[in-house]
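Q: Input: one structure, supplied below.
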Amino acid sequence: MERKLALSDEILLGIEKPARYIGNEINAVYKDKDRVEIRFAMCFPDVYEIGMSHLGIQILYELFNRREDTWCERVYAPWFDLDRIMRREDIPLFALESQDPLRDFDFLGITLQYELCYTNILQVLDLGKIPLLSKDRDESCPIVIGGGPCTYNPEPVADFFDLFYIGEGEVSYDRLLDLYKECRQAGGKWRKVFLRRAASIPGIYVPSLYTPAYNEDGTLASFTPAGADVPAFVEKQIVMKLTDAVYLQKPLVPYIKVTQDRVVLEIQRGCIRGCRFCQAGMIYRPTREKDVKKLKEQASAMLRSTGQEEISLSSLSSSDYSQLGELTDYLIEECSKKHINISLPSLRIDAFSLDVMSKVQDVKKSSLTFAPEAGSQRLRDVINKGLTEEIILKGAGEAFEGGWNKVKLYFMLGLPTEEEEDRKAIAHLADAIAVRYYDIPKEKRNGRCQINVSTSFFVPKPFTPFQWAPMFHPEDYIGFARTVNSEVRSMRNAKSIRYSWHEAEVTVLEGVLARGDRRLAPVILSAYRKGAMFEAWSEYWDYGRWLDSFDECGVCADFYTMRERPDDELFPWDFIHAGVTREFLLREWKRAHEPVVTENCRARCNGCGARVYGGGVCFEGQD
Amino acid sequence: MKVRIKFSKQGEMKFIGHLDLMRCFQKVIRRSGLDIRFSEGMSPHMIMSFASPLSVGLTSLGEYVDMELNTPVSSEEGLRMLNEQMPEGIRALSFRQIPEGRAGNAMSLVAAADYEVRFREGRAPKDGWEERVAAFAAQEVIETEKETKKGKKLTDIRPMILQMETDGSAIFLRLASGSEANLKPELLMDTFIRYLGEEPAPFAYLICRKELYAKQGTDAKPVWIPLEDLGQDVI
Chain L
-7 MERKLALSDE ILLGIEKPAR YIGNEINAVY KDKDRVEIRF AMCFPDVYEI GMSHLGIQIL
53 YELFNRREDT WCERVYAPWF DLDRIMRRED IPLFALESQD PLRDFDFLGI TLQYELCYTN
113 ILQVLDLGKI PLLSKDRDES CPIVIGGGPC TYNPEPVADF FDLFYIGEGE VSYDRLLDLY
173 KECRQAGGKW RKVFLRRAAS IPGIYVPSLY TPAYNEDGTL ASFTPAGADV PAFVEKQIVM
233 KLTDAVYLQK PLVPYIKVTQ DRVVLEIQRG CIRGCRFCQA GMIYRPTREK DVKKLKEQAS
293 AMLRSTGQEE ISLSSLSSSD YSQLGELTDY LIEECSKKHI NISLPSLRID AFSLDVMSKV
353 QDVKKSSLTF APEAGSQRLR DVINKGLTEE IILKGAGEAF EGGWNKVKLY FMLGLPTEEE
413 EDRKAIAHLA DAIAVRYYDI PKEKRNGRCQ INVSTSFFVP KPFTPFQWAP MFHPEDYIGF
473 ARTVNSEVRS MRNAKSIRYS WHEAEVTVLE GVLARGDRRL APVILSAYRK GAMFEAWSEY
533 WDYGRWLDSF DECGVCADFY TMRERPDDEL FPWDFIHAGV TREFLLREWK RAHEPVVTEN
593 CRARCNGCGA RVYGGGVCFE GQD
Chain H
371 MKVRIKFSKQ GEMKFIGHLD LMRCFQKVIR RSGLDIRFSE GMSPHMIMSF ASPLSVGLTS
431 LGEYVDMELN TPVSSEEGLR MLNEQMPEGI RALSFRQIPE GRAGNAMSLV AAADYEVRFR
491 EGRAPKDGWE ERVAAFAAQE VIETEKETKK GKKLTDIRPM ILQMETDGSA IFLRLASGSE
551 ANLKPELLMD TFIRYLGEEP APFAYLICRK ELYAKQGTDA KPVWIPLEDL GQDVI
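From first to last, the protein sequence lines are chains L and H. Here this note's numbering is used: the first residue of the first sequence is -7, the next is one more, and so on. Here this note's numbering is used: the first residue of the second sequence is 371, the next is one more, and so on.
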């Protein structure tokens, strides 16, 4: 492989971590560009270390590259230091493998994992010399396609994309790529033809073919497809035979340390729990498990092909994986021989998980994580988090007796129906855990305990029962955090409890973008023009840029955040069929207010709508 | 079995720093299936030690790493196993058994290094520099500001220059390297450029490390032995 880097030695030696931009990682795929028909640039619009940690891109990378006619490469957002140089020296953004400019590609795929990366989409397009707005692109530009969880409301960024893919990539991409080849071959003004025809492929949303109209009060009045050949609803795509689906064998191995620097083994998709705030728990329904035999093979194959020294299980709630015991037994045996570490996130703390964890980690160094999400039992019932104080104290007690002394507790503030008492209850719960620790006789415990309480502010997301909920102003959020803080300080065991909370302004912005509509595109554009990039990185955060942009574009942020939406309001994302029905979500919204708990999918079917996919947990034991 | 591996680091790999190179080797070894020894204790790590970190931006044809294996393999087999797994730009060049024990550790043995320095296009000093290399090297004292633990200090670097000559296009250097005395090629080159009456330009040199040496013989009559020559091929 002879290739010339897009950046000179001088540039690469003058910036932070040049390895972000040179490719050449183990398991990177190189093809002869003259012998492929489709060149696909897959982008995670954040810095390399974050993007390289994302499993979804790795899966699609392998999937696309199995097609002989397609070469999929990667691109990430250049960090500030390189961004500045590329603008100054007019260097076009390039893909890592070939180092060719993005403009040369047929597709630019951008994954949307969080709203705060929206300005980085514009950065990538801008540096890639691709017109920022879909309507300004012609046959010489790549097709810009978005995917990932934020596409469950793509409207705020709809103007920047030619297409969106709603759902799991394994299903419809082949059809899309084949259609692309056909249309391009026909020539002429093929771009419009391709987009129009792509709209009929299940899961493909072509924003330019839909027109929103608004009521006088600003709410959405209608959302109209451009013709009879354009479907009124876009169906989420989902893999029903997960075990047979293409599975990752050769993940990329970065040189520099990245956030998720290990082999990631996806054990299931979806979650049976039904927490009312959780978007992932709704949009990935129904829960589908991978066969444990296949997972063992996959784990071994990935460890062999990467040489990584750690493997982590990935799922929304690993404890609900029905073959977990068999899988962890296998991994513990395989990995201990080879000095490979195992990390087990998202486990419920109970006797089983404590036993497994004590085998794979150093009890003295590691900490236990609980996510009660709300301090009081009443509020936990509201959010349908089926975790009781009793369960938490029992789990913590068993852990303390097993030698652990560090506990992390995660909560949210600003939840629907939340009162002062619920906030204070966070401190009380933390204190009760400390009391449980100090109940252990002094000679049997391991010094002081350390309880880290952390709160984030709740952001209502589309396709959740809380999609109707109002948010608060930044100063309200800070007030909530102060309440928790002063209550923590007044606890008997205050010295054993540390409390930290997230930024409030960023939460409000996330809230606007999460449930926004097309009128936000000019705001995002304006904030980008003022320098907003990497908004998830607090060091460069400047809310002023956004406030000015809202003002200049005549958009009121409160419209998106402060209203409790009426039951029958038409939402910008209602054209997507995500499996869970609006009736179910509304029913859950009402039940939250009573509050009544809804059982998990294994205990009973609650008729969410995901049964239409004909598989997964909905049909467990019914084969 | 203790083995010493000589390897090259070229092309794009010059942008990979020392810590990342170590991580890269750990993964190469795991993929290769070489039965490397791990340390004892709570968090075992591979018993592996690199001779001398190479600065980012330099290429090399003479890097070394020592490691211990539980299961012996032949040199040929060891080289094959490693090179099948090496990323583009890194090649294992020799694989030799070395004596047991800590004394023979590559890191503690390094006493000198060879470098080849070329000027990047358009960054060479004015014509005639070739002629002045010999005179520069022949000076009895060459004082320059050198970074020490206590900050910058005027130091005589002449004793650390073991060899300096040119064929008209590249400059060949053998410099003291290691824990006792260490001279970086960039510092020497900057000093030479100032001797020519010019200001050193950034990114002017393309530097390739060619070899690392252990010192044998006497101080008066040192003999420089390439580190790989202290080991023997395993048949």
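Ideal Cβ positions, reconstructed from N, Cα and C, are used throughout, including at glycine.
Can at least three beta-carbon pairs, one atom from the region 590 to 599 of chain L and one from the region 560 to 572 of chain L, be found at a separation below 8 Å?
A: The region 590 to 599 of chain L, when compared against the region 560 to 572 of chain L, does not touch it at the 8 Å Cβ threshold.
Q: Taking three-plus beta-carbon pairs below 8 Å as touching, is the region 252 to 259 of chain L in contact with the region 184 to 196 of chain L?
A: Not touching, per the Cβ criterion.
Q: Under 8 Å: do the region 207 to 224 of chain L and the region 234 to 246 of chain L share three or more Cβ pairs, one atom per stretch?
A: At 8 Å Cβ cutoff, the stretches do not touch.
Q: Which chain H residues are close to Gly394 of chain L, counting only those with a beta carbon under 9 Å from its beta carbon?
A: Along the first sequence, one-based indexing puts residue 394 of chain L at 402. Simply none; closest approach about 17 Å.
Q: For His676 of chain L versus Phe408 of chain H, is the C-beta distance shorter than 8 Å?
A: Nothing about residue 676 of chain L can be reported from this structure: the residues present for chain L run from -7 to 615 only.
Q: In whole angstroms, what separates the C-alpha of Arg579 of chain H from that of Thr536 of chain H?
A: In the second sequence, residue 579 of chain H corresponds to position 209, counting from 1. In the second sequence, residue 536 of chain H corresponds to position 166, counting from 1. Looking at the two C-alpha atoms, the distance is approximately 16 Å.
Q: Return the bridge partner residues of Ser492 of chain L from the DSSP annotation.
A: Reading the first sequence from its first residue, position 500 is the one you call residue 492 of chain L. The partner list for Ser492 of chain L (beta bridge, DSSP) reads L:Ser446.
Q: Using a beta-carbon distance below 8 Å, is Lys397 of chain H in contact with chain L?
A: Mapped onto the second sequence, residue 397 of chain H falls at position 27. So, interface residue.
Q: Does DSSP classify Ser378 of chain H as helix, strand or coil?
A: On the second sequence, position 8 is the one that residue 378 of chain H refers to. Note: Ser378 of chain H maps to strand in three-state DSSP.
Q: Whole angstroms is fine: what's the gap from His494 of chain L's alpha carbon to Leu501 of chain L's?
A: The count along the first sequence starts at 1 and reaches residue 494 of chain L at position 502. The count along the first sequence starts at 1 and reaches residue 501 of chain L at position 509. So the two alpha carbons sit approximately 13 Å from each other.
Q: Starting from the beta carbon of Pro442 of chain H, find every residue of chain L whose beta carbon is closer than 8 Å, and list them in chain order.
A: Here residue 442 of chain H refers to the residue found at position 72 when the second sequence is read from its first residue. None at all; the shortest Cβ gap to chain L is about 19 Å.
Q: Can you tell me which of H:Ile375, H:Ser444, H:Cys394 and H:Glu454 puts its alpha carbon nearest to the alpha carbon of Met383 of chain H?
A: The sequence position of residue 383 of chain H within the second sequence is 13, counting from 1. The residue with the shortest Cα to Cα distance from Met383 of chain H is H:Cys394.
Q: Beta-carbon within less than 7 Å of Asp118 of chain L's beta-carbon, same chain only, minus the 5 sequence neighbours each way: which residues are those?
A: Residue numbering aside, residue 118 of chain L sits at position 126 when the first sequence is read from its first letter. The answer, listed in chain order, is Leu124.
Q: State the DSSP-derived secondary structure class of Ser409 of chain H, mapped to helix, strand or coil.
A: Sequence index remark: in the second sequence, residue 409 of chain H carries index 39 (1-based). Three-state result, Ser409 of chain H: coil.
Q: Taking only beta-carbon atoms, is Val426 of chain H less than 8 Å away from chain L?
A: Taking the first residue of the second sequence as 1, we reach residue 426 of chain H at position 56. Output row for Val426 of chain H: interface = yes.
Q: Under 9 Å Cβ-Cβ, which residues of chain C neighbour Asn477 of chain L?
A: As a matter of chain content, chain C is missing from the structure shown, whose protein chains are L and H.
Q: Here's the rule I'm using: 16 or more other beta-carbon atoms within 10 Å means buried, otherwise exposed. How should Phe450 of chain L be labelled?
A: Position 458 of the first sequence, counted from the first residue, corresponds to residue 450 of chain L. Per the 10 Å Cβ criterion, buried.
Q: Whose CA, out of L:Lys288, L:Gly299, L:Met294 and L:Gly266, lies closest to the CA of Thr320 of chain L?
A: Residue mapping note: residue 320 of chain L aligns to position 328 of the first sequence, counting from 1. Of the listed residues, the one whose Cα sits closest to Thr320 of chain L is L:Lys288.
Q: Quick one: grab the DSSP three-state call for Ile83 of chain L.
A: The count along the first sequence starts at 1 and reaches residue 83 of chain L at position 91. Three-state result, Ile83 of chain L: coil.
Q: Tell me where the alpha helix (DSSP H) around Pro466 of chain L begins and ends.
A: Position 474 of the first sequence, counted from the first residue, corresponds to residue 466 of chain L. Pro466 of chain L -> alpha helix (DSSP H) spans Pro466 to Arg481.
Q: At a CB-CB cut-off below 9 Å, which residues of chain L make contact with Arg407 of chain H?
A: Here residue 407 of chain H refers to the residue found at position 37 of the second sequence. Neighbours of Arg407 of chain H on chain L: none; closest Cβ ~11 Å, over 9 Å.
Q: Check whether the region 33 to 43 of chain L touches the region 68 to 81 of chain L, taking contact to mean three or more Cβ pairs, one atom from each stretch, closer than 8 Å.
A: Counting Cβ pairs under 8 Å, three or more are found: they touch.
Q: Tell me, please, whether the CB atom of Thr298 of chain L is closer than 8 Å to any CB atom in chain H?
A: Locating residue 298 of chain L in the first sequence gives position 306, where the first residue counts as 1. Closer than 8 Å to some Cβ of chain H, the Cβ of Thr298 of chain L qualifies, so yes.
Q: Which residue's Cα is closest to the Cα of Ile384 of chain L: L:Thr298, L:Tyr110, L:Ala363 and L:Glu302?
A: Here residue 384 of chain L is taken as the residue at index 392 of the first sequence, counted from 1. Residue L:Ala363 is the option with its Cα nearest to Ile384 of chain L.
Q: Determine the chain H residues that contact Val284 of chain L at a beta-carbon separation under 9 Å, and present them in chain order.
A: Your numbering for residue 284 of chain L matches position 292 in the first sequence. Correct list: empty, because the minimum Cβ distance to chain H is about 24 Å.
Q: Using three-state DSSP, classify Met371 of chain H as helix, strand or coil.
A: Numbered from its first residue, the second sequence carries residue 371 of chain H at position 1. Of the three classes helix, strand and coil, the one that applies to Met371 of chain H here is coil, per DSSP.
Q: Give me the residue from L:Ile122, L:Ala272 and L:Ala524 with the minimum Cα distance to Gln105 of chain L.
A: Stepping through the first sequence from its first residue, residue 105 of chain L is reached at position 113. Comparing Cα positions, the closest option is L:Ala272.
Q: Using a C-beta cutoff of 8 Å, does Arg579 of chain H count as contacting chain L?
A: As a position in the second sequence, residue 579 of chain H is number 209, starting the count at 1. So no, Arg579 of chain H is outside the interface.
Q: Go to Trp565 of chain L, then tell me how far its alpha helix (DSSP H) extends in each direction, as first and last residue.
A: Taking the first residue of the first sequence as position 1, residue 565 of chain L is located at position 573. No alpha helix (DSSP H) contains Trp565 of chain L, which DSSP labels as neither H nor E.
Q: Where in the region 477 to 561 of chain H do unbroken runs of the beta strand (DSSP E), each at least 3 residues long, occur, reported from the N-terminal end onward?
A: Runs of the beta strand (DSSP E) inside the region 477 to 561 of chain H: 480 to 489, 513 to 518, 521 to 526, 531 to 536 and 541 to 546.
Q: Relative to the ligand FAD, is the shortest distance from any of its heavy atoms to the C-beta of Phe449 of chain L smaller than 7 Å?
A: This structure lacks the ligand FAD, and indeed carries no ligand of any kind.
Q: Please report whether the beta-carbon of Ile386 of chain H lies at a distance below 8 Å from any beta-carbon of chain L.
A: For the purposes of this step, residue 386 of chain H is identified with residue 16 of the second sequence, where counting begins at 1. So yes, Ile386 of chain H belongs to the interface.
Q: Along the chain, which unbroken stretches of the alpha helix (DSSP H) at least 4 residues long are found entirely within the region 277 to 333 of chain L?
A: Qualifying alpha helix (DSSP H) stretches, in chain order: 284 to 298 and 316 to 329.
Q: Where does Leu543 of chain H land, buried or exposed, given buried means 16+ other C-beta within 10 angstroms?
A: The residue you call residue 543 of chain H lines up with position 173 of the second sequence. That one is buried.
Q: Checking 8 Å against the spacing of the C-beta atoms, do Phe472 of chain L and Arg415 of chain L come in under that value?
A: As a first step, residue 472 of chain L must be located in the first sequence, where it is residue number 480. As a first step, residue 415 of chain L must be located in the first sequence, where it is residue number 423. Yes.
Q: How would you label Val511 of chain H, buried or exposed, when you count the other beta carbons within 10 angstroms and need 16 or more for buried?
A: To locate residue 511 of chain H, count along the second sequence from 1; it is residue 141. Under this definition Val511 of chain H is an exposed residue.
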